[in-house]
Structure formats: structure tokens, C-alpha cells
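Q:
Residue numbers (the working numbering): 20 to 218.
(1) So residue 80 and residue 159 are supposed to be a Cβ contact under 8 Å. How far apart are they, rounded?
(2) Please return the same chain residues whose Cβ sits closer than 8 Å to the Cβ of residue 216, not counting the five positions on each side in sequence.
(3) Please confirm whether residue 122 and residue 22 have their CB atoms less than 8 Å apart.
(4) Excluding the five sequence neighbours on either side, which residues of its own chain have a C-beta within less than 7 Å of the C-beta of residue 64, listed in chain order?
(5) How would you label residue 132, buried or exposed, when you count the other beta carbons within 10 angstroms and need 16 or more for buried?
(6) Let's test the definition: count the other Cβ atoms within 10 Å of the Cβ of residue 211 and tell me whether it reaches 16, buried, or not, exposed.
(7) Does DSSP put residue 52 in a helix, a strand or coil?
(8) For the alpha helix (DSSP H) that residue 209 lies in, which residues bound it at each end?
(9) Have a look at 128, 85, 140 and flag the residue whose alpha-carbon is nearest the alpha-carbon of residue 202.
(10) Measure the beta-carbon distance from residue 38 to residue 90 and round it to whole angstroms, keeping in mind my assumption that it falls under 8 Å.
(11) Give the C-beta separation of residue 53 and residue 70 to the nearest angstrom, bearing in mind that I take them to be a contact with Cβ-Cβ under 8 Å.
(12) For residue 58 and residue 68, I'd like the C-alpha separation in whole angstroms.
(13) Considering residue 100, what are the terminal residues of the beta strand (DSSP E) in which it resides?
(14) Comparing C-alpha positions only, which one of 181, 193, 177 sits nearest to residue 130?
(15) Give me whichever residues DSSP pairs with residue 125 in a beta bridge.
(16) By the DSSP assignment, the beta strand (DSSP E) with residue 151 in it spans what residues?
(17) Starting from residue 65, trace the alpha helix (DSSP H) both ways and give me its first and last residue.
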């Protein structure tokens, strides 16, 4: 699948915002700690990936009812769903000058029912010619996502027969449907009832 930049200006994928708040002290502290021992861009990107995937539990897996959507909150509170964890990873990348985009899949149950949007990150490392999608959702039995610039190692591969979709668009900000759902949710049970089902 060919990924498509929504904004042709690559610097837009380095910008800070209310959600991707990579200038926040909490984010900067994580960046500094990771950068101290992972000096080149590839090593840093992989370390940041593992940090978000492995030290910030997916709130459904952990049972945490809090809803986070700012990168700083995700990293400080160490909780979030796939969208929030993707925002945090994008912030860690952008803070080190690595272009990072938010992108999405549409997934469903094994019979095609209960569709839901799943959040990913795409990054563009120095010297690379194409974006590489990464999934920081967090592993569990049946899910084994890995950092990879070659063959994708996402949590799930879409199944077109169940109307699942890989959306090719690379966003500079969380998709409005995603961000609106996160911001409006007082807790995760409410969020689960209002998750977007398509973009």
C-alpha cells in the first residue's frame, strides 16, 4: 500500500500541537533519557517505540478507566488506548526531528461486525525513501507487533473480506473523529461506546 501525505510539506510532520505536545517537560524528559543511550535516529526510533509499546499499558488490557489524548498525559499517567499511544510515539519522534504521521486501520470482528478504527504511526527516518507504519498498541496473547522498517509487523493485518481497511492517508494531527471521541469521553467505558467506526 502506498502511503499518502495529507500535507505535502514534510515539516508539518514535525510540528507540536495540543495533542502532539512534544515541547512539554514530561515528553522532553523521556526524549532526553532515551536519546542519552540511543544516539542515531534508527536506534532512537526503535527505543521510543519499545518505550511506548511496553511501558504504557493499553488501558483495556490493564483495566485502567482513564482516557488520555495528549502525549504528555499518556507518558506521565502511563495509560492510553491505541490512538493515545500513537500520539505519544509521534511526539517522541518529532521531538528528535523524525517526521511522524498518524494513520489508521478499520478493523472488525471475525464476522465483519463491530467495526472500529485502530491507530498507528508512520515514520520517515533519515535516508529512507518511504514511510514505515508502526503499531504501539501493546502486545498480548495473539498480538505480536514489532518495530520494523521493512516488512510491517503490525498488531493486525486487515482482512478485506470483513470490510477491514488500511487507510493510506498520513495525518499531521489525530483525525478529528478520533480526537473528538477521546476528548469527549469521561472514562473508557464511555469511549468504547463512542469509538469511530470509519473515517
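We put the CB at the ideal spot given by N, CA and C, even for glycine.
A: The short version:
(1) 6 Å
(2) 125, 134, 135, 136
(3) yes
(4) 112, 117, 142, 144
(5) exposed
(6) exposed
(7) helix
(8) 207 to 213
(9) 85
(10) 7 Å
(11) 6 Å
(12) 15 Å
(13) Element bounds for residue 100: n/a, residue is neither H nor E.
(14) 181
(15) 136, 184
(16) 151 to 153
(17) 60 to 74
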